[in-house]
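S.K.: Protein chains in written order, with our numbering: chain A, 6 to 318; chain B, 933 to 1212; chain C, 2 to 455.
Built from N, CA and C at the ideal position, the CB exists for glycine as well.
This one's a predicted model, so the numbers in the text were calculated from it and none came from an experiment.
Can you read through this structure? Questions will come right after.
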Amino acid sequence: MDKKVQNPNFRERFSTFMDKDNTVGYVFILPWLIGFFAFTFIPVVASLVLSFTKYDLLSPPTFIGLKNYITMFTGDALFVKSVKITFLFVAVSVPLRLIFALMLAMVFNKPTRLTGFYRAVYYIPSIVGGSVAIAVMWSRIFDSEGAINSIMISLGIINEPIYWLGNPNTTMIVLVLLYVWQFGSAMLIFLAGLKQIPMSLYESAKIDGANKLQQFFRITIPMLTPIILFNLIMQVINGFMMFTQAFVLTNGTGGPLNSLLVYSMYMYRKTFEFYQMGYGSAMAWFMLIVVSIMTGIIFKTSNQWVFYEAKED
Amino acid sequence: MKRKQQIGRLIYHIIIMGFAYVMIYPILWMFFASFKDNMEIFADASRLWPQNFDFGNYARGWAGFSGYTFGTFFKNSAVISVISTLATVLSSAIIAYGFARVKFKFQKFWFAIMISTMMLPIQIIMVPQFIIFHKLKLVGTILPVVLPHFFGVPFFIFLMMQFIQGVPRDLDEAAKIDGCSKYAIFYKIILPLMKPALVTATIFQFYWKWDDFLGPLLYLNKPQQYTATLALRLFADPGSTVPWGEMLSMATLSIVPIVLIFLMFQKYLVEGISTSGLKG
Amino acid sequence: MKKVLSMLLVLMMVTALFAGCGKEEKNTAGNETNAGSEDASTDSGSTESTDSGSSADEIVLRVAWWGNQVRDARTEEALALYTEMYPNVTFELEPIGWAGYWDKLATQTAGGSLPDIIQQDYAFIGQYIDKGVLADLSPYVESGVLNLDDVAPANLEGGSADGGLYGVPLGMNALSYVYNKSLMDQMGYGSVDPDWTWNDFETLISDAYNEHGIRSDAPLWDDPKFFLENLLRQNGKNIYNEDGNGLGFETTDELVRMFTILADNTQAGVFPDPQEIAQKTTLEESLFVNNETLGGFIWSNFFVAYADLMDSELELTVMPNDEDGNSGLYLKPSQFFSVTESSEHKEEAARVIDFFTNSVEANEVLLAERGVPIAAAVREGIKDSVSTEVAATFDYIALAENYATPISAPEPAGAAEVTKALKSIYEEVAYGVTTPEEGAERFIQEANAVLSAN
């Protein structure tokens, strides 16, 4: 046993304490812990409790047990519809977004003269966010005399204009396109990830005789997997929680025959238009559970395909 | 060979340019529509170029509400966005390092909690949060809007974690041998190598905050505190005609700062990581 | 890197300080109880008042409304006039858009942070009254602070419940039929006779289509509840029963009638294809504004918006009556001003509302932007100052008053959900997904299910 000093003074004990992994870890995540307990923990618990109540926001909540959950699954056709719509939306738009983002990130990774300009152009759509201006813009383009119809008619694809926003069967296309159009943020993250791959890896590969394709599959993709994992999870989460685009595109109505009544919108409607916050909270927790399960699955499988440069020892 | 390269490059530019036009068309449409009057915006939806350029839309839109011009609103947006962004990026980097590089008890548990907080919709959390801030007597100030950012934002924490995990541990080891504590490793080694992540986080958080509607709606009571995004919604009243031209003009202006931030920071995305750290 | 970081930190602190100046309103020690004590009105609103002395007479009232640029400017000016008259009263203005107004209000209610005076809407006021959020203004009416002598009692029904008055209308409104006079003239028809019936209506629209190819708007597409309500009222019924826990009618007659008018005329082409209607969501692109339909049912307030957009001559008339001459019309407050129960200055707030109601000077500023003023003296006083379109709405309300019967009580909790359910089914009927009979049955079922939870 190492007995450096008879009575180790405070300073030494302090720095030993501070250097212990447990301490270091908690020191670093301390800001998050504080914020979590101050601003998030109580609201989260409150929302869980509220899901077992009837709460109209204007007067105190009353306890009703599992009633909300039971109604959700057995007595609410719109709930089921919104779940279906949301799943469909996620299944279509998340892969599309990821593919475009990755493709364009690869393209823009090699600098040409106009790359900076292109990058900005492809990124701008995602910053237009959910303003009402987008809705106006987008619905103009899909208007009966808008750009899309004009082009399709002149190309002979259709003979008469399609009422994209009036036809319950085509509204999802408009929403998906709007959402996928905003792939710029995912693209940027992929770009950052690509930039982090050290050139030296490519250089040594080239020396070893690897061609572009091999470099892509042997270096780029594996090194990029942590970022792919991130984007995949975030896009899934955001896809399920998507609200603003649908809300603003349909002016809050959910589209003809409720064809765009995504889950978040129905939850919002229940909470703030029908003053049933208890039910809304139940819906929120259901979504939390579903998304957690999906995320958990993705994380679990990630052990197989994600490669961390910094492997745990 | 050169000819082939040239043609290849030409095709590349044509396709990317063409696609870029498609991507930017809606924004262009919005920009030109801001010069049109109401009927024209809707009458001829496929025409880009306005019949007449009505600059008046910008003047009228700028006039804003309740005696405050959009100058005030943009300033408010800027203050909130800048503070939030700085706070987020710094705090998230610190927290991310903890999760990514340090082993500590219950780490996985806290990580799972953190990720889960991203899955609860804001519409449900907002009422209890409002009550908390009301009890803290912070309603009516910008504090509820910016304060949470000083404690990390899970999206960025997670993002930075993934980036940190891409940095080889050899560097950490080397530094440790040199006598650096974990704190020093973070400061001297990891942080500099996280530039792309930091830059990305800056760009994103800035524009997310700029676009934030719910926070300013609930916590800012006086028009003089309103942000641009909040003010933009005031243009649309269901009971009367919406001054679309004015709204679109201010919406167009609202994009400018975000684009500027992007242009300012994107050059850091151009430089790769200096690989000098990987000697040996 | 270290330098940059420390610079950033300093920058952060500086901006934080900067942002703190003048905006911080950390209150002094106040107790917080949940919905109870309202400390906001004694808040450090000294940023707005001209004198920061803490005399007992200094009152700051928080006023919230939704609106647009025009309304905001006018309301602010009107309130400034009040401060001129009563210098010890100043206002903190909290205008926001319709989008988010109710979210914010509900959240403020839950959090106990409501303003003193809030703008209210007929669709929501019932709930707020029910839960005790709004103050009863009748004591102030009796004491004369809030003088409503010049107001026809019928106008006040909408804001009354259980003998108390919870909201004073800022303007009146009524359903109407607006039609394109130019098109009528083209077709060789005269003006619509206010005593017309639903049969006359159906004849008019099918003749217009079959003989002249001119379609008509599907009735009240955005809110078919008003269509149903009109038909019910003509038969002396109400949508909701007295207790608010079920529908006020049992048979499907009116529902089927409504859905049948919709289905038959949509199929015949008299009403536009629902896809086209759903596509064109704004006024500017609507078929009526583009002279493609003959007319539709609107709230009289909207007349001004249409008239502004259209060059054609427009006319307003009452809704069709039933065969026995019964009208379903009623005068509806377009918005109210209410005082919150949590306000600490209810009397002063009531006085402000009195000002808005009775002061000709204030209304010369407001210019009936919110609807036709309820005080006769005010209507007379500003008639010459308002635009011709607005004046037309004044005339219309006068006409409608001859046909109108009292407004029903404010709607019970769950009304919003019932309304949305009706709209869904209405759409389905138009799209041909549901038959009128099926739709009627389903609606009764769904509505009763929602209301029975009350």
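DSSP state of residue 449(C), grouped into three classes?
M.R.: helix
S.K.: Where do the ends of the alpha helix (DSSP H) carrying residue 95(C) lie?
M.R.: Counting along the chain, residue 95(C) falls outside any alpha helix (DSSP H), though it belongs to the beta strand (DSSP E) covering 90-97.
S.K.: So which residues on chain A does residue 277(C) lean against when the C-beta distance must stay under 7 angstroms?
M.R.: 168 and 171
S.K.: Enumerate in chain order the residues of its own chain whose CB-to-CB distance from residue 157(A) is below 7 angstroms, with the five nearest sequence positions on each side excluded.
M.R.: 163
S.K.: Can you find a CB in chain B that lies within less than 8 angstroms of the CB of residue 213(A)?
M.R.: no
S.K.: Look up residue 382(C) in the DSSP assignment and say whether it is helix, strand or coil.
M.R.: The answer is helix: DSSP assigns residue 382(C) an H, G or I state.
S.K.: Under three-state DSSP, which class holds residue 131(A)?
M.R.: helix
S.K.: Please list the terminal residues of the continuous beta strand (DSSP E) segment that includes residue 1086(B).
M.R.: Per DSSP, residue 1086(B) belongs to no beta strand (DSSP E); it is in the alpha helix (DSSP H), 1086-1096.
S.K.: State the DSSP-derived secondary structure class of residue 1205(B), mapped to helix, strand or coil.
M.R.: Its pLDDT being 41, under 50, residue 1205(B) is placed unreliably by the model, and the measurement read from it follows with that caveat. The answer is coil: DSSP assigns residue 1205(B) none of H, G, I, E or B.
S.K.: Given 8 angstroms as the limit, is there contact between the stretch 60-76 of chain C and the stretch 85-97 of chain C, that is, 3 or more CB pairs closer than that?
M.R.: yes
S.K.: Establish whether the CB of residue 97(C) and some CB of chain B are separated by less than 8 angstroms.
M.R.: yes
S.K.: Restricting to Cα atoms, I'd like to know which of 958(B), 955(B) and 1010(B) is closest to residue 1159(B).
M.R.: 1010(B)
S.K.: Is it a yes or a no for the stretch 276-289 of chain A touching the stretch 47-66 of chain A, going by three-plus beta-carbon pairs under 8 angstroms?
M.R.: yes
S.K.: Could you give the uninterrupted runs of the beta strand (DSSP E) lying entirely in the stretch 287-336 of chain C, keeping only those of 3 residues or more?
M.R.: Counting only runs of 3+ residues, the beta strand (DSSP E) found wholly inside the stretch 287-336 of chain C occupies 296-300 and 315-318, in chain order.
S.K.: Could you name each continuous alpha helix (DSSP H) segment of 4 residues or more that falls completely within the stretch 160-220 of chain A, going from the start of the chain to the end?
M.R.: Those alpha helix (DSSP H) runs which fall completely within the stretch 160-220 of chain A and span 4+ residues are 176-186, 189-200, 204-212 and 217-220.
S.K.: Could you name the residues of the stretch 1052-1083 of chain B whose beta carbon sits closer than 7 angstroms to any beta carbon of chain C, in the order they occur along the chain?
M.R.: 1058, 1059, 1062, 1063, 1066, 1067, 1069, 1071, 1072, 1073 and 1074
S.K.: From the DSSP output, in three-state form, read off residue 55(C) for me.
M.R.: Residue placement at residue 55(C) is poorly supported in this model, since its pLDDT is 39, which falls under 50; the coordinates still yield a value, given next. Residue 55(C): coil per DSSP, three-state reduction.
S.K.: Pull up the distance between the alpha-carbon of residue 120(A) and that of residue 312(C), whole angstroms please.
M.R.: Their Cα atoms are separated by approximately 50 angstroms.
S.K.: Quick one: measure Cβ to Cβ for residue 266(A) and residue 90(A), integer angstroms, because I've assumed they're closer than 8 angstroms.
M.R.: 6 angstroms
S.K.: Below 8 angstroms between beta carbons: does that hold for residue 290(C) and residue 217(C)?
M.R.: no
S.K.: Of the choices 225(A), 177(A) and 47(A), whose alpha-carbon is the least far from that of residue 205(A)?
M.R.: 225(A)
S.K.: How many whole angstroms separate the CB atoms of residue 356(C) and residue 118(C), which I take to be in contact at a CB cut-off of 8 angstroms?
M.R.: About 11 angstroms separates the two Cβ atoms, so there is no contact after all.
S.K.: Taking 7 angstroms as the limit between beta carbons, can you name the residues of its chain near residue 989(B), skipping five residues before and five after?
M.R.: 966, 967, 1177, 1178 and 1181
S.K.: Does the beta-carbon of residue 258(A) have 16 or more other beta-carbons within 10 angstroms, so that it is buried, or is it exposed?
M.R.: buried
S.K.: What do you get for residue 219(A), buried or exposed, if any count of 16 or more other CB atoms within 10 angstroms of its CB means buried?
M.R.: exposed
S.K.: Per the contact definition of three or more C-beta pairs closer than 8 angstroms, is the stretch 410-426 of chain C in contact with the stretch 120-137 of chain C?
M.R.: yes
S.K.: Below 7 angstroms, is the gap between the Cβ of residue 966(B) and the nearest heavy atom of the ligand ADP?
M.R.: In terms of ligand content, the structure shown is empty, and the ligand ADP therefore cannot be addressed.
S.K.: What three-state label does DSSP hand residue 47(C) in the structure shown?
M.R.: Residue confidence for residue 47(C) is low, a pLDDT of 34 falling below 50, so the modelled location carries little weight; the figure read from the coordinates is stated next. In the structure shown, residue 47(C) falls within a helical segment according to DSSP collapsed to helix, strand and coil.
S.K.: Look up residue 1037(B) in the DSSP assignment and say whether it is helix, strand or coil.
M.R.: coil
S.K.: For the alpha helix (DSSP H) that contains residue 988(B), what are its first and last residues?
M.R.: Segment 988-994, the alpha helix (DSSP H) holding residue 988(B).
S.K.: What is the DSSP secondary structure of residue 1046(B), reduced to helix, strand or coil?
M.R.: helix
S.K.: Give the single residue among 69(A), 278(A), 42(A) and 27(A) whose Cα lies nearest to the Cα of residue 1037(B).
M.R.: Nearest of 69(A), 278(A), 42(A) and 27(A) to residue 1037(B), Cα basis: 27(A).
S.K.: Assuming residue 194(A) contacts residue 1162(B) (C-beta within less than 8 angstroms), just tell me the rounded distance between them.
M.R.: About 28 angstroms separates the two Cβ atoms, so there is no contact after all.
S.K.: Can the beta-carbon of residue 236(A) be found closer than 8 angstroms to that of residue 191(A)?
M.R.: yes
S.K.: Determine the extent of the beta strand (DSSP E) in which residue 120(C) is found, giving its start and end residues.
M.R.: Note, residue 120(C): beta strand (DSSP E), 118-121.
S.K.: Within a Cβ cutoff of 6 angstroms, which residues of the same chain sit near residue 435(C), ignoring the five residues on either side of it in sequence?
M.R.: Only residues of its own chain outside the window of five on either side were considered, and among them 429 have a CB closer than 6 angstroms to the CB of residue 435(C), listed in chain order.
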